[in-house]
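Numbering (the working numbering), first residue to last: 223 to 387.
The structure is reproduced here in C-alpha coordinates:
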(Lines of atoms letter the chains of each structure in order from A and count residues from 1; the text may use other names and numbers.)
(Lines give C-alpha, C1' and ligand atoms only; values in the text may rest on other atoms or scores of the structure.)
Protein backbone atom coordinates (compact mmCIF):
# COMPACT_ATOMS: atom_id res chain seq x y z
CA UNK A 1 0.00 0.00 0.00
CA UNK A 2 2.97 2.30 0.53
CA UNK A 3 3.70 2.14 -3.18
CA UNK A 4 0.15 3.24 -3.99
CA UNK A 5 0.31 6.08 -1.45
CA UNK A 6 3.70 7.26 -2.75
CA UNK A 7 2.45 7.19 -6.33
CA UNK A 8 -0.60 9.17 -5.25
CA UNK A 9 1.47 11.82 -3.49
CA UNK A 10 3.95 12.19 -6.32
CA UNK A 11 1.37 12.29 -9.10
CA UNK A 12 -0.87 14.77 -7.28
CA UNK A 13 2.12 17.04 -6.71
CA UNK A 14 2.41 17.66 -10.46
CA UNK A 15 -1.26 17.38 -11.43
CA UNK A 16 -4.39 19.31 -10.68
CA UNK A 17 -7.92 17.93 -10.62
CA UNK A 18 -9.04 19.79 -13.75
CA UNK A 19 -6.13 18.37 -15.77
CA UNK A 20 -6.95 14.84 -14.60
CA UNK A 21 -10.63 15.19 -15.50
CA UNK A 22 -9.80 16.54 -18.97
CA UNK A 23 -7.22 13.82 -19.63
CA UNK A 24 -9.63 11.10 -18.56
CA UNK A 25 -12.33 12.36 -20.92
CA UNK A 26 -9.85 12.66 -23.79
CA UNK A 27 -8.54 9.13 -23.25
CA UNK A 28 -12.05 7.69 -23.06
CA UNK A 29 -12.96 9.57 -26.24
CA UNK A 30 -9.85 8.19 -27.96
CA UNK A 31 -10.00 4.55 -26.82
CA UNK A 32 -13.42 4.12 -25.29
CA UNK A 33 -13.31 3.21 -21.60
CA UNK A 34 -13.65 -0.53 -22.13
CA UNK A 35 -11.09 -0.60 -24.98
CA UNK A 36 -8.28 0.96 -22.96
CA UNK A 37 -5.52 -1.63 -22.42
CA UNK A 38 -5.39 -0.98 -18.67
CA UNK A 39 -9.14 -1.47 -18.33
CA UNK A 40 -9.02 -4.64 -20.43
CA UNK A 41 -6.23 -6.19 -18.34
CA UNK A 42 -7.86 -5.19 -15.04
CA UNK A 43 -11.29 -6.43 -16.17
CA UNK A 44 -9.82 -9.77 -17.25
CA UNK A 45 -8.54 -10.27 -13.71
CA UNK A 46 -11.82 -9.27 -12.09
CA UNK A 47 -13.88 -11.44 -14.45
CA UNK A 48 -11.65 -14.43 -13.67
CA UNK A 49 -13.44 -15.31 -10.44
CA UNK A 50 -12.63 -11.87 -8.99
CA UNK A 51 -8.90 -12.54 -9.24
CA UNK A 52 -7.83 -9.69 -6.96
CA UNK A 53 -4.08 -10.45 -7.20
CA UNK A 54 -4.26 -10.07 -10.99
CA UNK A 55 -6.24 -6.83 -10.66
CA UNK A 56 -3.72 -5.45 -8.15
CA UNK A 57 -0.85 -6.50 -10.41
CA UNK A 58 -2.43 -4.39 -13.15
CA UNK A 59 -2.54 -1.39 -10.81
CA UNK A 60 1.13 -1.87 -9.89
CA UNK A 61 2.05 -2.21 -13.59
CA UNK A 62 0.22 1.05 -14.23
CA UNK A 63 2.19 2.70 -11.40
CA UNK A 64 5.46 1.40 -12.89
CA UNK A 65 4.50 2.92 -16.24
CA UNK A 66 3.44 6.23 -14.69
CA UNK A 67 6.38 6.82 -12.31
CA UNK A 68 8.87 7.93 -15.01
CA UNK A 69 6.21 10.32 -16.31
CA UNK A 70 6.14 12.06 -12.92
CA UNK A 71 9.81 13.05 -13.24
CA UNK A 72 9.31 14.22 -16.83
CA UNK A 73 6.21 16.21 -15.83
CA UNK A 74 8.22 17.87 -13.03
CA UNK A 75 10.66 19.06 -15.70
CA UNK A 76 7.74 20.69 -17.51
CA UNK A 77 7.19 18.19 -20.33
CA UNK A 78 3.59 18.77 -21.36
CA UNK A 79 3.19 15.42 -23.14
CA UNK A 80 4.34 13.59 -20.00
CA UNK A 81 1.92 15.62 -17.87
CA UNK A 82 -0.97 14.79 -20.18
CA UNK A 83 -0.17 11.07 -20.23
CA UNK A 84 0.34 11.04 -16.45
CA UNK A 85 -3.02 12.72 -15.93
CA UNK A 86 -4.67 10.16 -18.15
CA UNK A 87 -3.03 7.21 -16.37
CA UNK A 88 -3.86 8.75 -12.99
CA UNK A 89 -7.54 9.01 -13.94
CA UNK A 90 -7.64 5.37 -15.02
CA UNK A 91 -5.74 4.33 -11.89
CA UNK A 92 -8.34 6.06 -9.72
CA UNK A 93 -11.22 4.46 -11.62
CA UNK A 94 -9.77 0.95 -11.51
CA UNK A 95 -8.57 1.21 -7.91
CA UNK A 96 -12.06 2.37 -6.92
CA UNK A 97 -13.42 -1.03 -7.95
CA UNK A 98 -11.27 -2.51 -5.18
CA UNK A 99 -12.18 0.22 -2.69
CA UNK A 100 -8.85 2.02 -3.05
CA UNK A 101 -9.20 5.72 -3.78
CA UNK A 102 -6.11 7.87 -3.23
CA UNK A 103 -7.79 10.74 -5.08
CA UNK A 104 -10.52 11.30 -2.46
CA UNK A 105 -10.69 14.69 -0.79
CA UNK A 106 -8.72 16.33 -3.56
CA UNK A 107 -6.86 18.67 -3.06
CA UNK A 108 -6.69 18.17 0.72
CA UNK A 109 -5.35 14.66 0.28
CA UNK A 110 -2.63 15.96 -2.03
CA UNK A 111 -0.62 17.22 0.91
CA UNK A 112 -1.69 14.66 3.45
CA UNK A 113 -3.71 17.11 5.53
CA UNK A 114 -5.59 19.98 3.93
CA UNK A 115 -5.76 22.23 6.98
CA UNK A 116 -1.97 22.06 7.44
CA UNK A 117 -1.16 22.79 3.80
CA UNK A 118 -0.99 26.61 4.05
CA UNK A 119 1.16 26.54 7.19
CA UNK A 120 3.55 23.84 5.99
CA UNK A 121 3.72 25.51 2.57
CA UNK A 122 4.71 28.79 4.22
CA UNK A 123 7.38 27.08 6.35
CA UNK A 124 8.77 25.36 3.26
CA UNK A 125 8.94 28.72 1.49
CA UNK A 126 10.91 30.10 4.45
CA UNK A 127 13.19 27.06 4.32
CA UNK A 128 13.78 27.50 0.58
CA UNK A 129 14.51 31.20 1.12
CA UNK A 130 17.05 30.29 3.82
CA UNK A 131 18.68 27.75 1.53
CA UNK A 132 18.94 30.27 -1.33
CA UNK A 133 20.63 32.75 1.02
CA UNK A 134 22.93 29.96 2.27
CA UNK A 135 21.55 30.14 5.82
CA UNK A 136 21.71 26.38 6.16
CA UNK A 137 21.41 26.41 9.96
CA UNK A 138 18.01 28.11 9.67
CA UNK A 139 16.93 25.80 6.83
CA UNK A 140 17.95 22.74 8.86
CA UNK A 141 16.14 24.06 11.94
CA UNK A 142 12.91 24.45 9.97
CA UNK A 143 13.29 20.94 8.54
CA UNK A 144 14.00 19.49 11.99
CA UNK A 145 10.99 21.23 13.58
CA UNK A 146 8.71 19.97 10.82
CA UNK A 147 10.13 16.45 11.21
CA UNK A 148 9.49 16.60 14.96
CA UNK A 149 5.87 17.50 14.16
CA UNK A 150 5.55 14.45 11.90
CA UNK A 151 5.99 16.20 8.56
CA UNK A 152 8.23 14.36 6.08
CA UNK A 153 9.95 16.64 3.55
CA UNK A 154 11.15 15.28 0.23
CA UNK A 155 13.52 17.61 -1.62
CA UNK A 156 12.87 17.16 -5.34
CA UNK A 157 14.18 18.91 -8.47
CA UNK A 158 10.85 20.74 -8.85
CA UNK A 159 10.89 21.89 -5.22
CA UNK A 160 10.15 20.30 -1.88
CA UNK A 161 7.12 18.09 -1.26
CA UNK A 162 5.74 17.01 2.04
CA UNK A 163 3.44 14.45 3.60
CA UNK A 164 2.61 13.31 7.10
CA UNK A 165 4.68 10.48 8.54
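We put the CB at the ideal spot given by N, CA and C, even for glycine.
(request) Buried or exposed for residue 314, please, with buried defined as at least 16 other CB atoms from any protein chain shown within 10 angstroms of its CB. (result) Counting the other Cβ atoms within 10 Å of the Cβ of residue 314 gives 16 or more, which makes it buried.
(request) Pull up the distance between the alpha-carbon of residue 374 and that of residue 268, whole angstroms please. (result) In a straight line, the C-alpha of residue 374 is about 36 Å away from that of residue 268.
(message) Per DSSP, what are the beta-bridge partners of residue 386 in this structure?
(response) According to DSSP, which records beta bridges pairwise, residue 386 is partnered with 373.
(message) Using only the alpha-carbon positions, how far apart do residue 182 and residue 316 sit?
(response) The structure shown does not extend to residue 182, since the chain is modelled only from 223 through 387, so no value can be given for it.
(message) Quick check on the burial criterion: 16 or more other C-beta atoms within 10 angstroms. Buried or exposed for residue 343?
(response) So residue 343 counts as exposed.
(request) Excluding the 5 residues preceding and the 5 following residue 353 in the sequence, name in chain order all residues of the same chain whose CB lies nearer than 7 Å to its CB. (result) Taken in chain order, the residues that qualify are 361.
(message) Can you tell me whether residue 297 is helix, strand or coil according to DSSP?
(response) Looking at residue 297 - three-state DSSP - the assignment turns out to be coil, as it is neither helix nor strand.
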